[in-house]
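Here the sequence shown stands for residues -19 to 291, numbered as in the numbering used here. To start, the structure itself, in structure tokens.
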Amino acid sequence: MLSSTASPESSELAPETVACVRAGLVVGLVAVAGVAFVVSWTALHDVGRAIGLDAVGAVLYPLSADGPIALALVASLVLAGRHRRAALTVLVLYTFASLALNYVHGLVPLEGTRPRLSPVPQVHWVLVGVAAALPVGSIACCADLVTRVLRSARPATVVTVEPQVEPVDTPVDAPVDTPRRRWWGWKDASAPAAPQPDAEPAPASVRPLVAICGGSGRLYRPEFPAVTAPAPPVEPEPEYQPEPEPVGGLSAEEAAAVIEQCWREGVLSLRKTAELAGRSKSLVEKQFAALVEERGPRPEPQQMTLQGVAA
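Right, dumping it as structure tokens:
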């Protein structure tokens, strides 16, 4: 018993056959659209005669209603953006206009008689609407199909992008140790690493891994160094430099004796003492502080008076 199996290559059609089928499909669609246009042309011709057009105007009137439908449909498939929206708007408006005119022609024939498609008025109106919509719908649908078939016949441009491969300076004989990614973490860090040749540059620094659980399926996480904030800079204290002795004034010993005498009396202020000793106010204040640390608080004027009376 013989069994024949068809290969996938034998089931495909030849390019010549595909071209013939496409051409026949286009011709058939154009023929159907032409018949539908003739039917709609009759109704629109009668409408043109009913609105008072002459013989030539009534003949050309259907082109003004059904012609923009096909043109706007083709334009909507070619254009993009706001231009495509404008083409779709024209398509919708002219389709409803042609449908309304065909519907009126079906309800009110030009001869004055009123043939009915059904004895029920509602059913009659529905059937008249369907009959009036068929020519217009055929024009729109056939034009759409023709445009899509013609667009599909164009060969698509294929853009080939070659990946950029960076050269790797790795010897051919050197074994490659690629880390395997597991769903529970990185592979064990205790696995032996591949030997690195001396000619290769030093590898980038890798943070050590620290185990966070035991067992055979141990997980590891990178150990990050502790980040410490830098200490604020400490400015060194300025060294004390004694003021130079004024020219023609008291010497250092004499000025110190005057300052000590004013401190013991407790009458003059810092400014008066500085003027009397010929020194700055800051220097007098420092010597007063040194005397306070050495001998205690500065005596008040009343205290000096009592000490003098007691003596």
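Note that beta-carbon positions come from the ideal geometry of N, C-alpha and C, so glycine has one too.
Item to complete: Helix, strand or coil for Val272, going by three-state DSSP, please let me know.
Response: Residue 272 sits at position 292 when you count from the first residue of the sequence shown. Correct three-state label for Val272: helix.
Worksheet item: What's the C-alpha gap between Ser(-10) and Ala(-1)?
Response: The sequence position of residue -10 within the sequence shown is 10, counting from 1. The sequence position of residue -1 within the sequence shown is 19, counting from 1. Annotation note: pLDDT 47 at Ser(-10) (below 50); position unreliable, no value reported.
Practice prompt. Keeping to the same chain, check which residues put their C-beta closer than 6 angstroms to that of Ala123; ignore five residues upstream and five downstream.
Written response: Working through the sequence shown from its first residue, we reach residue 123 at position 143. Ala50, Leu53, listed in sequence order.
Worksheet item: Per DSSP, what kind of secondary structure is Asp34 in: helix, strand or coil?
Response: If you number the sequence shown from 1, residue 34 lands on position 54. Here Asp34 sits in coil by DSSP.
Worksheet item: Using 8 angstroms as the Cβ pair cut-off and three pairs as the minimum, do the stretch 22 to 42 and the stretch 76 to 90 touch?
Response: yes
Practice prompt. Taking all protein chains shown into account, decide if Thr253 is buried (16 or more other Cβ within 10 angstroms of its Cβ) or exposed.
Written response: Walking along the sequence shown from the start, residue 253 turns up at place 273. Label assigned to Thr253: buried.
Worksheet item: So, using beta-carbon positions, are Tyr74 and Ala113 closer together than 9 angstroms?
Response: Within the sequence shown, residue 74 is the residue found at index 94, counting from 1. Within the sequence shown, residue 113 is the residue found at index 133, counting from 1. The answer is no: Cβ separation not under 9 angstroms.
Worksheet item: Taking the alpha helix (DSSP H) that Leu79 falls in, what are its first and last residues?
Response: Residue mapping note: residue 79 aligns to position 99 of the sequence shown, counting from 1. Looking at the DSSP string, the run of the alpha helix (DSSP H) that includes Leu79 is 62 to 87.
Worksheet entry | Length of the line joining the Cα atoms of Thr69 and Ala(-6) | The residue you call residue 69 lines up with position 89 of the sequence shown. The residue you call residue -6 lines up with position 14 of the sequence shown. Their backbone Cα atoms lie some 41 angstroms apart in a straight line.
Discussion item. Need the endpoints of the alpha helix (DSSP H) that Glu215 sits in, please.
Written reply: On the sequence shown, residue 215 is found 235 positions in, with the first residue counted as 1. Counting along the chain, Glu215 falls outside any alpha helix (DSSP H), and DSSP gives it neither H nor E.
Practice prompt. Look at Ser56 and Ala38 and say whether their C-beta atoms are less than 9 angstroms apart.
Written response: Working through the sequence shown from its first residue, we reach residue 56 at position 76. Working through the sequence shown from its first residue, we reach residue 38 at position 58. No.
Worksheet entry | Residue nearest to Ser231 in terms of C-alpha spacing, selected from Val214, Gly61, Gly258 | Here residue 231 is taken as the residue at index 251 of the sequence shown, counted from 1. That would be Gly258, whose Cα lies nearest to the Cα of Ser231.
Discussion item. Along the chain, where does the alpha helix (DSSP H) containing Arg244 start, and where does it finish?
Written reply: As a working mapping, residue 244 is identified with position 264 in the sequence shown. Taken as a continuous stretch (DSSP letters only), the alpha helix (DSSP H) holding Arg244 covers 232 to 245.
Practice prompt. Would you mind working out which of Arg251, His104, Ile119 sits nearest Val264, comparing C-alpha positions?
Written response: Your numbering for residue 264 matches position 284 in the sequence shown. Looking at the Cα atoms, Arg251 is the closest of the given residues.
Worksheet item: How big is the Cα-Cα spacing for Gly47 and Val106?
Response: Translated into the one-based positions of the sequence shown, residue 47 becomes position 67. Translated into the one-based positions of the sequence shown, residue 106 becomes position 126. Approximately 26 angstroms, taken between the alpha carbons.
Discussion item. Quick check: the Cα distance between Thr22 and Tyr41, rounded to an integer number of angstroms?
Written reply: Here the question's residue 22 lines up with position 42 in the sequence shown. Here the question's residue 41 lines up with position 61 in the sequence shown. Distance between the alpha carbons of Thr22 and Tyr41 is about 10 angstroms.
Practice prompt. Could you tell me if Val7 is buried or exposed, where buried requires 16 or more neighbouring beta carbons within 10 angstroms of its beta carbon?
Written response: By one-based count along the sequence shown, residue 7 stands at place 27. Per the 10 Å Cβ criterion, exposed.
Item to complete: May I ask you to verify whether the stretch 235 to 243 touches the stretch 261 to 278, counting CB pairs closer than 8 angstroms and requiring at least 3?
Response: yes
Worksheet item: Any idea if Ala13 is buried or exposed, counting beta-carbon neighbours within 10 angstroms, 16 or more meaning buried?
Response: As a working note, residue 13 is residue 33 in the sequence shown. So Ala13 counts as buried.
Fill in: Secondary structure of Ala(-1), DSSP reduced to three states
What you label residue -1 is simply residue 19 of the sequence shown in a count that begins at 1. It is helical.
Worksheet entry | DSSP-derived helix/strand/coil call for Leu263 | Residue 263 sits at position 283 when you count from the first residue of the sequence shown. Helix at Leu263.
Practice prompt. Please classify Ala209: is it buried, with 16 or more other beta-carbons within 10 angstroms of its beta-carbon, or exposed?
Written response: Residue numbering aside, residue 209 sits at position 229 when the sequence shown is read from its first letter. Exposed, since its Cβ has fewer than 16 Cβ neighbours within 10 Å.
Discussion item. Taking only three categories from DSSP, how would you classify Gly4?
Written reply: The sequence position of residue 4 within the sequence shown is 24, counting from 1. Of the three classes helix, strand and coil, the one that applies to Gly4 here is helix, per DSSP.
Fill in: Close Cβ partners of Gly109 (< 6 angstroms) along its chain, the five nearest in sequence each way excluded
As a position in the sequence shown, residue 109 is number 129, starting the count at 1. Cβ neighbours of Gly109 beyond the five flanking positions: Tyr83.
Worksheet item: Taking the Cβ atom as the reference point for each residue, do Ile119 and Ala16 lie within a distance shorter than 9 angstroms?
Response: Counting from 1 along the sequence shown, the entry for residue 119 is found at position 139. Counting from 1 along the sequence shown, the entry for residue 16 is found at position 36. Cβ atoms of Ile119 and Ala16: closer than 9 angstroms.
Practice prompt. Name the two residues that bound the continuous alpha helix (DSSP H) containing Arg251.
Written response: Counted from its first residue, the sequence shown places residue 251 at position 271. 250 to 257 is the span of the alpha helix (DSSP H), which, as asked, contains Arg251.
Worksheet item: Taking Trp243 as the reference, which of Ala3, Arg278, Ala60 has the closest Cα?
Response: The residue given as residue 243 occupies position 263 in the sequence shown. It is Arg278 whose Cα lies nearest to the Cα of Trp243.
Practice prompt. Spatial neighbours of Ala77 within its chain, please: CB distance less than 8 angstroms, with the 5 preceding and 5 following residues excluded, ordered by chain position.
Written response: Walking along the sequence shown from the start, residue 77 turns up at place 97. Contacts found: Ala45.
Practice prompt. Determine the closest residue to Val272 out of Val103, Glu240, Leu9, with distance taken between C-alpha atoms.
Written response: Stepping through the sequence shown from its first residue, residue 272 is reached at position 292. For Val272, the nearest C-alpha among the options comes from Glu240.
Fill in: Option nearest Leu59 by Cα separation, candidates His104, Thr(-3), Thr127
The count along the sequence shown starts at 1 and reaches residue 59 at position 79. Minimum Cα distance to Leu59 is reached at Thr127.
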